[in-house]
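Presented below is the structure to which this report refers.
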Amino acid sequence: MVRKGSKKVRTGCITCKVRKIKCDETRPCCRRCTNTGRNCDGYAPQGRQPTPAAHLAVTCQYLRTKTECRGLQYFCEVAAPRLLGPKSPYFWTHLVMQLSESEPVVKHSLLAISSLYETQEAQKTPPAMPSLALHHYNSAIQGLKTTQSDVLALLGCILFTCIELLQSNNGTAIRHCAHGIAIMERCNNPWAREHLVPIFRRISVLPLLFGSDSTELSRSIVLGFVIPSKFDSLEDAQDVAPCSKEIPWGSRKEEYFINE
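In terms of the UniProt record's numbering, the sequence shown opens at residue 1 and continues consecutively.
What follows is the structure, encoded as structure tokens:
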């Protein structure tokens, strides 16, 4: 007997849609967001949600060459879904693609990652920086030097960390991550705290993976972070994992569980 699937809910708040969890639809701010200390971004008008392919089609209108369009297509379809495992797919396949339309730093960074990733897939080893990737990486670095935007600087740190990791430059990757965390400590932008803090929490484990001193990174990223008494989703629990070793547990005996 074929199991009848439930109808997908498309009327939740923007934040819950991004997190891919069921929204309780409390207005003006849903409890799923407020109970976990998140910003509820409200409710969008009903309509068909754009797919990654749709974002790519729009983005290609802003590119100068077919090579750039192909590079972003490879990033969107191949590289992005594999970055940082199965976590944050919306960030990699939607948000950065949207930003690449208006921010040259993001566009050049994505093209550098795409070139490096494709070369690595062909060689099965960390590649030397191809000339195309080097060109785009240098362009992104030059663009970031003149920015006054903390959000763009944070995005640059995340993307540059990926570029250096693809070349096995672990020390440089850690420095980019540490610089981003230092910026995040003073950044009060709601969008950045909603979408970028979880990324930094996950990449803050890099020193642990590479045998480096992780104190600076891991302690900084948990400043002001309080573990809730319960988790509303598996994603919420996974967000805590990179920070848990730095949070003073003391004699706490609460039982943590995921609220179904």
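Glycine included, every Cβ here is placed at the ideal spot set by N, Cα and C.
Worksheet item: Among LEU154, TYR137, CYS157, which one has its Cα closest to the Cα of SER114?
Response: Of the candidates LEU154, TYR137, CYS157, the one whose C-alpha sits nearest the C-alpha of SER114 is TYR137.
Discussion item. Check for me: the alpha helix (DSSP H) holding ASN170 runs from which residue to which?
Written reply: Run containing ASN170: 170–186, per the alpha helix (DSSP H) assignment.
Item to complete: Could you tell me the boundaries of the alpha helix (DSSP H) in which ILE21 lies?
Response: Premise fails: ILE21 is in no alpha helix (DSSP H) and is neither H nor E.
Worksheet entry | Integer-rounded CB distance, given that ILE163 should sit under 8 Å from SER109 | Correct: roughly 7 Å between the Cβ atoms.
Item to complete: Report yes if the C-beta distance between GLN167 and LEU116 is below 8 Å; otherwise report no.
Response: A contact, by the Cβ cut-off of 8 Å.
Discussion item. Extract the residue ranges of the beta strand (DSSP E) inside the region 127–163, only unbroken runs of 3 or more that lie entirely within it.
Written reply: With a minimum length of 3 residues, there is no unbroken run of beta strand (DSSP E) contained wholly in the region 127–163.
Item to complete: Note down, in chain order, each residue of its chain lying with its Cβ closer than 6 Å to the Cβ of PRO190, except the 5 sequence neighbours on either side.
Response: Result list for PRO190: ASN39, in chain order.
Discussion item. Count Cβ pairs between the region 152–163 and the region 180–187 that sit closer than 8 Å; are there 3 or more?
Written reply: In short, these stretches touch, since the Cβ pair count reaches three.
Item to complete: Leaving aside the five residues before and after GLU194 along the sequence, list all residues of the same chain whose C-beta is less than 6 Å from its C-beta, in chain order.
Response: ASN39, listed in sequence order.
Worksheet item: Three-state secondary structure (DSSP) at ARG27?
Response: Residue state for ARG27 is assigned as coil, using DSSP reduced to three classes.
Worksheet item: What does a CB cutoff of less than 7 Å around LEU165 pick up in its chain, not counting 5 residues either side in sequence?
Response: So the list reads ALA173, once near-sequence residues are dropped.
Discussion item. Quick check: the Cα distance between TYR90 and HIS179, rounded to an integer number of angstroms?
Written reply: Answer to the nearest angstrom: the Cα atoms are 24 Å apart.
Practice prompt. Between the Cα of GLU25 and those of GLY12, ASN35, THR119, spot the shortest distance and give me the residue it belongs to.
Written response: A check of alpha carbon separations from GLU25 across GLY12, ASN35, THR119 identifies GLY12 as the nearest.
Practice prompt. For LEU196, name the three-state secondary structure that DSSP assigns.
Written response: Three-state result, LEU196: coil.
Item to complete: Let me know the secondary structure DSSP gives GLU77 once reduced to three states.
Response: GLU77 falls in the helix class under three-state DSSP.
Item to complete: Check each candidate in GLN148, LEU144, ARG82, ASN188 and name the one with the smallest Cα separation from HIS176.
Response: For the options GLN148, LEU144, ARG82, ASN188, the alpha carbon positioned closest to that of HIS176 is the one of LEU144.
Item to complete: Report buried or exposed for GLY42, applying the criterion of at least 16 other Cβ atoms within 10 angstroms of its Cβ.
Response: It is exposed - the Cβ of GLY42 has fewer than 16 other Cβ atoms within 10 Å.
Worksheet item: On the three-state DSSP scale, how would you describe ARG38?
Response: Secondary structure at ARG38: coil, using DSSP grouped into helix, strand and coil.
Discussion item. Less than 8 Å between C-beta atoms, sequence neighbours within five positions excluded: which residues of the same chain meet that for PRO130?
Written reply: For PRO130, where only same-chain residues beyond five positions count, the Cβ hits under 8 Å are SER115, LEU116, THR119.
Practice prompt. Go through its chain and collect everything with a Cβ distance to PHE75's Cβ below 7 Å, but skip five positions before and after it.
Written response: Within the same chain, Cβ atoms closer than 7 Å to the Cβ of PHE75 are found at LEU110, ILE113, SER114, the five residues on either side in sequence being excluded.
Discussion item. Looking at ILE21: is its Cβ nearer than 8 Å to the Cβ of ARG32?
Written reply: It is a contact, given that the beta carbons lie within the stated cut-off.
Discussion item. Here's the rule I'm using: 16 or more other beta-carbon atoms within 10 Å means buried, otherwise exposed. How should ARG201 be labelled?
Written reply: Classification of ARG201: buried, given that the 10 Å Cβ count is 16 or more.
Practice prompt. Give a yes or no on whether the C-beta atoms belonging to VAL105 and ALA140 are separated by under 8 Å.
Written response: For VAL105 and ALA140, yes; Cβs fall inside 8 Å.
Worksheet item: Can you check whether the CB of ALA79 is closer than 8 Å to the CB of THR93?
Response: The Cβ atoms of THR93 and ALA79 do not sit closer than 8 Å to each other.
Item to complete: Kindly indicate which three-state DSSP category GLY12 falls into: helix, strand or coil?
Response: Coil.
Worksheet item: Can you tell which of CYS23, ARG82, THR36, VAL197 has its C-alpha closest to the C-alpha of GLU121?
Response: By alpha-carbon distance to GLU121, the top candidate from CYS23, ARG82, THR36, VAL197 is ARG82.
Worksheet item: Helix, strand or coil for GLU121 per DSSP?
Response: In the three-state reduction of the DSSP assignment, GLU121 falls in the helix class, which pools H, G and I.
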